[in-house]
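Numbering (our numbering), first residue to last: 73 to 436. Even glycine gets a Cβ: it sits at the ideal position worked out from N, Cα and C.
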Amino acid sequence: MKVVLDHVTKIYKSTRRRGGKDVLAVDDFDFELPDGLLIGLLGPSGCGKSTTLNLISGLESPTKGRIFFDSEDVTELPPEKRGVGMVFQNYALYPHMTVRKNIVFPLENLRGVQKLPQDHIEARVKRAAELVQIEALLDRKPGELSGGEQQRVAIARALVKIPRVLLLDEPLSNLDARLRLQTREEIRRIQKETGVTTIFVTHDQEEAMSISDIIILMKDGVVQQIGKPQEVYDDPVNLFVAQFLGTPQINVFDGRISGGDLYIGEERIMQAKGPDDGPVTVGIRPEGLVLDRQGVLTTKLSNVEVMGRDTSVVSTHEAAKRSVLRAVVSSDTLGQLSGNKAVFSVRPSKVHLFSKNDGRRLVF
Ligand code: ADP
Ligand code: MG
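Written out as structure tokens, the structure is:
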């Protein structure tokens, strides 16, 4: 099922309690979410992710714009008629019911033509339990399950109705780090197996990057960029996107263009034909800084951090926007360090330039 947001805007009207200001939660969201993919809806807290999801589910209605599932206009349809499955951060299982009862509940509540015969219901529950691998837990109560298991039950409950669209709002936030990793892989697998169009909301860029076919990155209600995770990482449209994606974060400097060359401080970094002469913001990915005594960027070494596979060289530079710079280097280049200096050459494809005024990416 394709989900179309056609110029969708959501304004929460002011109440006296909020000091009389309307909130523009989603601003002109206009995109066709392709059928059968896992779409990661990503952005900082308060950027409009849940609102977008609730507009798709029907829990909220848009102030402007229309929503379509394939060619069907669902804008006025109540949530229960949209055929969506939803999973939230808080699993909200019924504590007094067994896992089986919790999963079966949405089916037993179907009325009229939608009502299913008992053997169909049982087959559905079996299939959903298999998909999330909780067959052995069906007779337990939620209180007898771990957080990860509870969340899998919640997913089974969302799948049992065979939804046209699966909506997941920060479903892993309450899990510890290891379970979060494991459960996100499960979600990826379940999505592949069922082929149901899935929208996965998270504020965690790594989570979104790792499981999404497509990511949509939002800020202040406005979609910033849509694309395959690697494409958005490699070609950010603005400084916000470049900074939001990637760990460690992209290093940001004040720089300047002069006669077709890029400078940071007094050092010439590389050729940069295109942008006008004048100040620019420079972003260099941590993997774009290569230790090299003959390099182009001289920094003051603070620390070398060896963390398993990665070695991080931590240093400082006067023109840097943050207190420390990070370079992720291969450990066999550490011999290039001398004294308290770390000198780097740069990988040109890992260097991005942004407008000083509005943060837009400058091509060069
Ligand atoms: P996210 O899920 O990305 O953290 P939300 O979609 O929940 O963000 O919220 C987007 C903006 O809308 C925020 O500024 C939030 O305070 C506001 N908001 C969310 N729900 C309501 C509501 N029911 N009434 C008024 N403002 C709301
Ligand atoms: Mg939210």
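Item, Value
"By C-beta, the residues closer than 5 angstroms to any heavy atom of the ligand ADP, given in chain order", "TYR84, VAL95, ALA97, SER117, GLY118, CYS119, GLY120, LYS121, SER122, THR123"
"Which of helix, strand or coil DSSP assigns to ALA164", "coil"
"HIS192 versus ASP102: straight-line alpha-carbon distance, rounded", "39 angstroms"
"Outcome for GLU278 when other beta-carbon atoms lying within 10 angstroms are tallied against a minimum of 16", "exposed"
"Rounded separation between ALA314 and ARG357 - CA only", "9 angstroms"
"PHE316 - containing beta strand (DSSP E), residue span", "Note, PHE316: premise wrong, no beta strand (DSSP E); alpha helix (DSSP H) at 311–316."
"Top-ranked residue by Cα proximity to GLY337, from ARG328, ARG432, SER245", "ARG328"
"Any non-hydrogen atom of the ligand MG within 8 angstroms of GLU144 CB", "no"
"Secondary structure of GLY299, DSSP reduced to three states", "strand"
"Rounded C-alpha distance that separates GLY446 from ASP292", "Residue coverage of the chain in this structure runs from 73 to 436, which leaves residue 446 outside it and unanswerable."
"Separation of ASN126 from ARG199, as counted between CA atoms", "27 angstroms"
"Counted within 10 angstroms of its Cβ, other Cβ atoms place LYS82 as buried (16 or more) or exposed", "buried"
"Under the three-state DSSP convention, the category ARG212 falls into", "coil"
"Extent of the continuous beta strand (DSSP E) run through HIS275", "First-last for HIS275: undefined, no H or E at that position."
"Buried versus exposed, by CB contacts within 10 Å (16 or more), GLU377", "exposed"
"Continuous beta strand (DSSP E) stretch holding GLN343: start and end", "339–343"
"PHE177 to LYS187 span [Cα, whole Å]", "12 angstroms"
"Cβ pair GLN263, PRO243 closer than 9 angstroms", "no"
"Inter-stretch contact (C-beta, 8 angstroms, three-pair minimum) for the region 358–375 and the region 397–416", "yes"
"Beta-carbon proximity check, ILE58 vs MET281, cutoff 9 angstroms", "As displayed, the chain neither begins before 73 nor continues past 436, which places residue 58 out of reach and without an answer."
"Residues that ALA399 bridges to, as DSSP identifies them", "VAL385"
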